[in-house]
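One structure is given here, and the rest of the page talks about it.
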Amino acid sequence: NLVDLFNGMVSSDKLVLNMLLVLRAVNVALVQTWFVPDEYWQSIEIAHKQVFGYGYETWEWTVGLRSYLYPLLFSAVYYVPKISGMGAYAVILAPRLAQAVLSATTEWCVYRCFKRTCGIRFAKWFLLSMCTSWFWWYCATRTLINTLECNLVCIALYYLSCDQFQFSYNYFKFVVVASVAFVVRPTIITVWMPLYCLYVCMNTNGSLHFGRLLSKAILIGVFVLCVSTLIDTLCYGRLVSVHYNFFKFNILQNQGTFYGSHPFHWYLTQAFPVILSTHLPFMLYGVFIFYTRTLKFKQANNVTHLCKLSAVICLFTVFVYSIPGHKEFRFLLCLLPFLHVFTSLGLLSLPSRSTKLAITWLLLTNIPIALYTGLIHQSGPSKVMEFLRKDISQSTQIMQPSSSKLEVMFLCPCHSTPYYAFINKNIAMDFLTCHPDLNATPAYTDQADEFYASPQTWL
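The sequence shown begins at 1 in my numbering and counts up one residue at a time.
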């Protein structure tokens, strides 16, 4: 019986954590495909250069658009294979294993959060929803800053619930997590604002108390921002404000549309159906239950508050994210826990005789999608780099000192493959660049477009 099996697997918190760690370890092995360039070029490639002394910094790092905080996590991880001399494969695997452990731990945190505030039944359905989500499986172990966003959201929810949303030392932990998430990726403010407002509303006993909460949040936020700016200044070698540069580039200049533009409704009409997939009917049913019925089970009041909060966060974030022209599926990762709050309510509200059918449906529909997207769809880039890594390793072993220099040139759309972080050899490599026009050049054409316009002439 699938229901009994699942209940047995979540019989204790320790067992849940162990199960999640094993699941994410398997996740690493079964996700070997390409998703987006940022998974490599804005995280492990930067960390690889810091630790091994060679790597490629894209134009974002030249103009000071990115913070070094996230790559520094992987820089610390890279020292393990570097010191131990484990080889190139360990260099590739180590960051993903670290991300897998982080994702498993934060899933466990949010499970404990909902178990404490919303009851064990709701928490179990939430855990099932997340673990059967093909999109979370696809992203949970990738070295994407959006995955870290989702992790930090889960940690923040845990700290908020530790004392039933009452003011305590955990408030400071929540504000620190929120501040770190903001300095890493400022757009996450759309999630923190409703969360913080909820916390303040549930703890305000007058204007004086509100002032204390707000002043402490501002002090912590400013401190984290100063530390972040100091780290970035040291890493860049000059004083830089990546947050101002980020705001200027994406909002004031709207240059993110250089990498693609989508209609205002894209998130609602295309992104949500894709990332939710076969969970969508249960999520819509959960929304229907929330708005049309009064929940009467134990701790239903907390579930109601959680659903209200989730609805506000999702609607507000989608509205704000819909304003810029550039949109991506991964930008919604931070909303995944809140979307699955409604999925959990929908599953929880099903008749008992339908629960086995629901679990079977989610497994039978999401496992094939997860396997296809993780092992087949866009698997070429990883296979190319694996071939090159082996070929380069063999070539460097047999080449004589007088032999011609080994070079690799990628004649394909820019950032179509990982780079030095997947080769782990300091050889000459080049690719077709595609950075946006940063100098207002008339009739600007990037290098990749020039090549495709006339390959023979360009060569």
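Using N, Cα and C, we set each Cβ at its ideal position, and we do this for glycine too.
Bear in mind the structure is a predicted one, so any value in this text is a computation, not a measurement.
Run of the alpha helix (DSSP H) containing residue i, from where it starts to where it stops
i	result
E407	Looking at the DSSP string, E407 is not in any alpha helix (DSSP H); the run it does join, the beta strand (DSSP E), is E407 to F410.
K115	A88 to C118
R24	D13 to A29
P186	Premise fails: P186 is in no alpha helix (DSSP H) and is neither H nor E.
Q270	Premise fails: Q270 is in no alpha helix (DSSP H) and is neither H nor E.
N302	A300 to S322
F290	L280 to T292
Q456	P455 to W458
L152	I145 to S161
C414	C414 -> no alpha helix (DSSP H), and no H or E assigned at all.
Q32	Note, Q32: premise wrong, no alpha helix (DSSP H); not H, not E.
S84	L69 to S84
C139	W134 to C139
T365	T355 to L375
S344	L336 to L348
V242	V242 to F247
H262	Run containing H262: none; DSSP gives neither H nor E here.
H48	E45 to F52
T62	W59 to T62
Y420	Y420 to I423
Minimum C-alpha distance to residue i - residue among the options
i	options	result
C334	R112, M130, L15 and R66	M130
W458	H435, A443, V287 and F431	F431
P81	V51, T106 and L69	V51
F331	P442, S161, K173 and T317	T317
G260	I220, T233, G286 and F329	F329
W59	Y321, L152 and N245	N245
P194	Q299, L309, Y111 and I231	L309
R66	L280, T187, M86 and P418	T187
L406	I427, I44 and Q447	I427
A311	L339, C197 and L375	L339
F174	S395, A29, A421 and I155	I155
C414	T433, T229, A370 and I423	T433
Y183	C197, I220, L213 and G211	Sequence inspection shows Val at residue 183; the Tyr mentioned does not correspond to that position. The option with the nearest alpha carbon to V183 is I220.
Y372	A76, Y196, W137 and S75	W137
G55	M429, G237 and S133	M429
T299	K115, F223 and P436	It is Gln, not Thr, that sits at residue 299 in the sequence shown. Of the listed residues, the one whose Cα sits closest to Q299 is K115.
A181	N424, L438, H262 and H243	H243
H279	T360, A47 and Q32	T360
F35	E450, G380, L252 and V101	G380
F223	F249, S179, V240 and Q253	S179
E57	Y267, T190 and I46	I46
T33	W61, P436, I376 and S395	I376
P324	S133, I369 and Y267	Y267
Beta-bridge partners of residue i, as assigned by DSSP
i	result
D430	M409
Outcome for residue i when other beta-carbon atoms lying within 10 angstroms are tallied against a minimum of 16
i	result
R353	exposed
C307	buried
M283	buried
G87	exposed
P401	Interpretation of P401 is limited by its pLDDT of 48, a score under 50 that renders its predicted location unreliable; the figure taken from the coordinates is listed afterwards. The residue is exposed, with fewer than 16 neighbouring Cβ atoms inside 10 Å.
D391	exposed
I218	exposed
T117	buried
S215	exposed
S403	Per-residue confidence for S403 stands at a pLDDT of 46, beneath the threshold of 50, marking its modelled position as unreliable; the derived number appears in the next sentence. Under this definition S403 is an exposed residue.
Y452	exposed
A140	buried
G374	buried
L15	exposed
R185	buried
V77	buried
I275	buried
Y79	exposed
T269	exposed
F319	exposed
F297	exposed
Q99	buried
M445	Residue 445 is actually Thr in this sequence, not Met. Per the 10 Å Cβ criterion, exposed.
P95	buried
heavy atom of the ligand ZN below 7 Å from residue i C-beta
i	result
A29	Among the components modelled here there is no ligand, and therefore nothing to report on the ligand ZN.
- Does the segment 22-35 come close enough to the segment 62-74 to have 3 or more Cβ pairs within less than 8 Å? no
- At least 3 beta-carbon pairs within less than 8 Å: the segment 341-357 vs the segment 299-317: Verdict: yes, contact present.
- Message: If contact is defined by three or more beta carbon pairs under 8 Å, each pair taking one atom from either stretch, is the segment 169-177 in contact with the segment 108-124?
- Response: no
- Message: Does the structure place the segment 379-397 close enough to the segment 347-356 that three or more beta carbon pairs sit under 8 Å?
- Response: no
- Is the number of C-beta pairs between the segment 102-116 and the segment 151-160 that are closer than 8 Å three or more? When C-beta atoms of the segment 102-116 are compared with those of the segment 151-160, three or more pairs fall below 8 Å, so the two segments count as touching.
- Query: Does the segment 147-154 come within contact of the segment 361-375, defined as at least 3 CB pairs closer than 8 Å?
  - Reply: no
- Kindly confirm or deny that the segment 285-299 and the segment 230-249 touch, where touching means at least three C-beta pairs closer than 8 Å. These segments do not touch.
- Task: May I ask you to verify whether the segment 32-42 touches the segment 413-427, counting CB pairs closer than 8 Å and requiring at least 3?
- Result: yes
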